[in-house]
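Taking our numbering, the leading residue of the sequence shown gets 7, the next gets one more, and so forth.
Where is the CB? At the ideal position from N, CA and C, for every residue including glycine.
Small disclaimer: the values here were computed from a predicted structure and weren't measured.
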Amino acid sequence: MLARLAETCRSFLTWQVLVMVVAAFLFEYVDSTLGMGYGTTLTPVLLLVGYEPLRIVPAVLLSELLTGLTSGVLHHGAGNVNFRKGSRDRQVALLLAGCSIVGTLIAVAVSLRLPKWALTGYIGLLVFGIGVTILATRNRTYGFSWKKITGLGLLAAFNKGMSGGGYGPVVCGGQMLSGMEAKNAIGITSMAEGLTCVVGVILYLATTGIDGRVALPLVIGAMLSVPLSVHSVKAFSDKWLRVAIGVLTLVLGATTLVRLFL
């Protein structure tokens with residue numbers, strides 16, 4: 007029996023699996039620390055390793071669901087965000103998650119009428135513009151606005167529904183431009199993205215299923231990074247996080263635009 011177990015472990019621990027664990031750890035660390043970048047950066051890596059998109063997307067959604075909710079809870083425990091009953095942070099997270107349903111439905115209707123290059127270009131320009139705005143106004147204080155929060159929630163879900171990306175940069179960056187502090191925005195984004203993935207995971211489980219050979223390494227690597235991310239956010243100053251989020255948002259937007267012409 008031990009020999010069979012050892013053989014199973016050897017067959018599972020291939021170089022592809024190790025790449026997935028390490029990549030998931032690194033990209034989720036960035037995502038849980040700066041509120042964006044996991045799905046956007048991990049998916050191309052998995053494609054290069056040789057996995058098909060229909061195996062990647064459900065696995066990424068499952069890992070985002072688990073890490074998003076875990077990260078949100080740990081951010082709350084560390085004091086980076088407040089999800090207590092009646093708190094503004096909790097209301098914002100629930101609003102953003104709720105907007106995802108409406109935004110996704112709108113996105114599906116629109117995406118059927120637009121070419122892929124137009125969708126990619128739109129998201130690239132939007133994310134790049136948010137990054138530039140965050141950096142240009144990094145010393146400016148914004149008043150909180152529920153209208154802005156609702157709008158960015160719909161916009162972010164619209165992006166994700168059309169292309170599978172552009173959620174984190176818009177939600178996290180947009181919150182800061184709507185009056186939220188950087189640490190709160192990061193914790194809220196993690197929780198909202200986790201809640202947003204629930205519907206997608208349920209649909210895949212009910213239809214095509216989720217490949218455990220892809221999902222398990224991603225979940226392991228991503229979950230291991232979450233505690234480190236939470237402590238990093240607590241240690242960094244809000245000003246530093248704001249600049250880092252602005253730079254990463256700008257880079258992700260620019261990368262999306264560059265891919266459009268390759």
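Tell me the start and end of each unbroken alpha helix (DSSP H) in the segment 129-170 that is at least 4 residues and wholly inside, in chain order. Segments of the alpha helix (DSSP H) lying fully in the segment 129-170: 152-169.
State buried or exposed for L102, treating a residue as buried only when at least 16 other CB atoms are found within 10 Å of its CB. Locating residue 102 in the sequence shown gives position 96, where the first residue counts as 1. Buried, by the Cβ-count rule.
For L1, which residues from the same chain have a beta carbon less than 8 Å from its beta carbon, with the 5 sequence-adjacent residues on both sides left out? Absent from the model: residue 1. The displayed extent of the chain is 7 to 268, so no value can be given.
Do you know offhand how far I188's Cα is from L201's? As a working mapping, residue 188 is identified with position 182 in the sequence shown. As a working mapping, residue 201 is identified with position 195 in the sequence shown. Position check: residue 188 holds Ala in this sequence, whereas Ile was assumed. Distance between the alpha carbons of A188 and L201 is about 20 Å.
Could you compute how far the alpha carbon of T73 sits from the alpha carbon of V232? Here residue 73 refers to the residue found at position 67 of the sequence shown. Here residue 232 refers to the residue found at position 226 of the sequence shown. Answer to the nearest angstrom: the Cα atoms are 7 Å apart.
Would you verify that the beta carbon of G130 is, or is not, closer than 8 Å to some beta carbon of chain D? Of the protein chains in the structure, only one exists, and it is not chain D.
For a minimum of 4 consecutive residues, which ranges assigned as the alpha helix (DSSP H) are wholly contained in the segment 53-115? Entirely contained in the segment 53-115, the alpha helix (DSSP H) runs reaching 4 residues are, in chain order, 59-84.
Are the segment 244-256 and the segment 88-108 in contact at 8 Å, needing three or more beta carbon pairs? Contact between the segment 244-256 and the segment 88-108 is absent, because fewer than three Cβ pairs lie under 8 Å.
Closest residue to E199 among T49, G85, Y44 (Cα-Cα distance): Mapped onto the sequence shown, residue 199 falls at position 193. Looking at the Cα atoms, Y44 is the closest of the given residues.
Among H82, V36, Q22, the one whose alpha carbon lies nearest that of L54: Here the question's residue 54 lines up with position 48 in the sequence shown. Minimum Cα distance to L54 is reached at Q22.
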